[in-house]
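A quick write-up on the structure given underneath.
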Amino acid sequence: MFKLKSLLAKNFRSYKELELNNIDKLGLTLIHGVNGSGKSSIRLLLEYILTDATSEKIPLDEIAFNGDKDCEMRGVFEDEVGNDIIITKYRNHRTHKNNSYLTVGKADLSHSDRRESQKVINEVFKLGENTLGTSTIFSQLSESFPQSKDSLRKKILYDALDLHKYTAYSKQASKFIASYRGEIDTLEREILEVSSSINAIVNILDPKILKRVGKVGVYRGIIDKLMLKKGGLEGRLDSDIDFNNEKYQLSINLDKFKNCIFNRDSLYEQIDDIKKKLLDCEWDRKVINEGLAFLKSKIDGHKPTYEKFINNLNSIYRKYNNLKDLIELADKAICPIIKTHCKIIEGESCDDLIEEENKTKKELDEIETIKSNIEGEMGKITGEIKSLEGDILNIDKTYIKGSSNLQFLKAELDKTNIEIGNLVERYGFDVEFILNAKIESIDSTIQDFSSVRNTILKLGLKINQLSFLLDSIEGMKNIQESIDSKKDKLKDLVNRLEGVKSKIEYYRFWEVGFGSNGIPNMKTESLLYNLQNETNKNLNILSNELYVAIDSQLMLKNEEMREKTSYLVKSRDKDISSFFSYSGGQRQRVILADMLAFNSLLGKFNFVILDEVLDLSLDDSGKDAVISLLRQKINEIETILVISNDSQVKNKFDSLIHVEYLDGVSELV
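Following this note's numbering, the numbering of the sequence shown begins with 1 at its first residue and continues without gaps.
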């Protein structure tokens, strides 16, 4: 609670000098004077000291006495811990110009810019835009909560409860949400890329071979058994073992070579097919780009013609308007140069000008038609350009997918060509012929062992087939592991995406929680509940029939609830609830009860100023009731200053300050 201790002013309004001391000990005080004596200037002085403005919006150059110089205003306050707070302000001062100064205790918190000094004053006293007008200083121009519109009521409540910070919090949450949405776009793009990569590799998998991955151990066991059986037979051919070994190796290499040739041819076909498709894409893109270039050049070609028509059109418009002006002047016999009546022109025919005007109008219509045709053609070309650009995007997607498949097939082809190259280097250019020749030579040598050899050969071929199958299975297994790795990455990206989405939900919760329907609404409901109770306490003293009902929600005619502050004034004698349905005196009682309720709930000062509240629609009994209420409130508020020109209530106050106005100067008596 801040105490007001003293006020001082020099050359302020109609006062050459004004000084009020020991204000915190005045109690219930009447500031009395006739209309125009300057009593309300005391309120204006305090308003300007605290807010750098007045509720009447008085021009700043009229604050000084008679618009003169050296206006000085000072207010001395005391904070909760006993520090003096001194605010000194100047207007049109020879030395201090329009500066403002603030000290709290021994600390000087002033700024060279008075606007910055005012910000500090607002922070020290926790002043909002409507703080004083709703809780401390009341006049005929004060914002009245009962008769205000919902938007102003909301503004008053937000200002009183410092709810604007929640709006800032909600906006900050919205910024976080926006930033995370950008991260979502990035993750979704990465997910799409990984998914596309998986789809490209999946197309290479052979489902039949892939099903056999789990049987690798079985195949290895079969190979081992065949190798064991083959070794036993080979033991029977000790004398011919070298031939058998050589033939076996030759047979393996021959099968390997044939398989490599087969795989190579198959890979070449696949690569050629993909290359053809890529070339088709490149050709289509080239054709479309040429079409785009043609269309764009076509538009560029239209532009000079179009601009020329526009310039020509503007020129003819000027000519046409000039002709109309000349015809109009000629009709009125006014000289087109000096713009005065000309007897020479009077009665002269202007048929030539009219004919020229008609000719120019026809020329204008023709150019307008050509202009419209050009604009239509340019619009059509622009539509074709957008369509072609969409085709290019689709071609690029197809090209990227084909390029990925091509790289994989080329890698497989390189492996196959290396194996073929190794065999050619070992056996010569015609590998298959040479190997067959060697095998036939060995067969003739070991003809006596043909039966055993045939069995061994069959076993070798079977082992070779199984080994090749195992190699194929291992290759598919590696591809599957690559897919699994990418799927793990995809899963991680999806989890990260879900995490970011959960963060968005978290901040969306606070976006709503700090929004108008969240914490501000709860705090507003609490204040309105207390405001209703305090107002009704005050009304019980001012009136035995009126009471108010305040709600943060309003029921519409269709019985739906809307977020709107409802302020109903009810009577025990009448079935009406609108504030404006009551008499002026009744409305004044409600306004005063509401003002003092706001003071009880939100007041930050030990004083209240009521400017001419006794002079507004109150009869004698109403004034007595107000004074009775103020006497009760003086126990809560140290100083209540009532400004009035009513002489009949003088003896009902603890003290009296009389304001006299003589020869254009106000002074306190």
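C-beta atoms are modelled at their ideal positions from N, C-alpha and C, and glycine is treated no differently.
Values in this document were obtained by computation on a predicted structure and should not be read as measured data.
Run through DSSP, which three-state label would residue i get?
i      : result
Gly128 : coil
Asn21  : coil
Asp224 : helix
Tyr15  : strand
Val569 : strand
His93  : strand
Gln661 : Note on residue identity: the sequence assigns Tyr, not Gln, to residue 661. Looking at Tyr661 - three-state DSSP - the assignment turns out to be strand.
Tyr399 : helix
His32  : strand
Ala64  : strand
Leu528 : helix
Gln553 : strand
Phe580 : helix
Leu163 : coil
Cys350 : coil
Leu546 : strand
Asp620 : helix
Ile634 : coil
Lys39  : coil
Phe514 : coil
Ile299 : helix
Phe429 : coil
Lys486 : helix
How many Å lie between residue i and residue j at the Cα?
i      : j      : result
Pro207 : Leu493 : 27 angstroms
Pro520 : Leu157 : 9 angstroms
Ser41  : Arg13  : 7 angstroms
Gln172 : Val608 : 38 angstroms
Gln407 : Asp272 : 12 angstroms
Thr565 : Phe579 : 14 angstroms
Lys458 : Met227 : 11 angstroms
Leu539 : Gln632 : 13 angstroms
Asp84  : Asp162 : 25 angstroms
Asn199 : Leu409 : 15 angstroms
Glu667 : Glu660 : 6 angstroms
Thr167 : Lys119 : 20 angstroms
Leu127 : Leu50  : 9 angstroms
Val34  : Glu612 : 12 angstroms
Asp365 : Lys319 : 14 angstroms
Phe138 : Glu129 : 14 angstroms
Ser467 : Lys225 : 13 angstroms
Glu377 : Ile316 : 23 angstroms
Glu143 : Arg189 : 55 angstroms
Val124 : Lys57  : 24 angstroms
Could you pull out every residue in the same chain whose Cβ sits closer than 7 angstroms to the Cβ of residue i, ignoring the five residues on either side in sequence?
i      : result
Tyr427 : Ile434, Leu435
Asp615 : Ser644, Asn645, Asp646
Ile354 : Ile327
Ser372 : none
Asn99  : Tyr90, Arg114
Tyr582 : Val569
Taking DSSP's pairing of strands, which residues face residue i in a bridge?
i      : result
Gly27  : Thr639
Val76  : Ser6, Ile86
Ser666 : Tyr15, Tyr661
Val608 : Ile640
Asp108 : Thr103
Leu656 : Leu30
Nearest CA to the CA of residue i: which residue from the options?
i      : options                        : result
Tyr547 : Lys229, Ile334, Leu602, Asp573 : Asp573
Arg508 : Leu527, Ile381, Tyr169         : Tyr169
Leu132 : Lys604, Asp70, Leu295          : Lys604
Lys670 : Ile198, Ser110, Glu366         : Because the chain in this structure spans residues 1 to 669, residue 670 falls outside the shown range and cannot be described.
Asn322 : Glu307, Phe309, Asn358, Ala293 : Asn358
Ile204 : Arg212, Lys477, Lys438, Leu592 : Lys477
Ser485 : Leu662, Ile49, Leu641, Ile201  : Ile201
Leu28  : Asn635, Lys149, Asp663, Val665 : Asn635
Thr639 : Asp108, Lys650, Asn21, Glu425  : Asn21
Val626 : Ala593, Ser144, Asp654         : Ala593
Ala549 : Ser577, Leu542, Leu596, Ile541 : Ser577
Lys69  : Arg43, Tyr15, Gly36, Ile31     : Tyr15
Val590 : Lys487, Val665, Leu629, Asn263 : Leu629
Lys415 : Arg264, Val124, Glu440, Ile222 : Arg264
Once the 5 residues before and after residue i are set aside, which same chain residues still bring their CB inside 6 angstroms of it?
i      : result
Ala64  : Asn11, Cys71, Arg91, Asn92
Leu105 : A quick correction: the sequence has Gly, not Leu, at residue 105. Here the set comprises Asn83.
Tyr567 : Pro146, Ile550
Gly515 : Ser170
I'd like the list of long-range same chain contacts for residue i, defined as Cβ closer than 8 angstroms, with 5 residues on each side in sequence excluded.
i      : result
Ser482 : Ile201
Lys298 : Ile381
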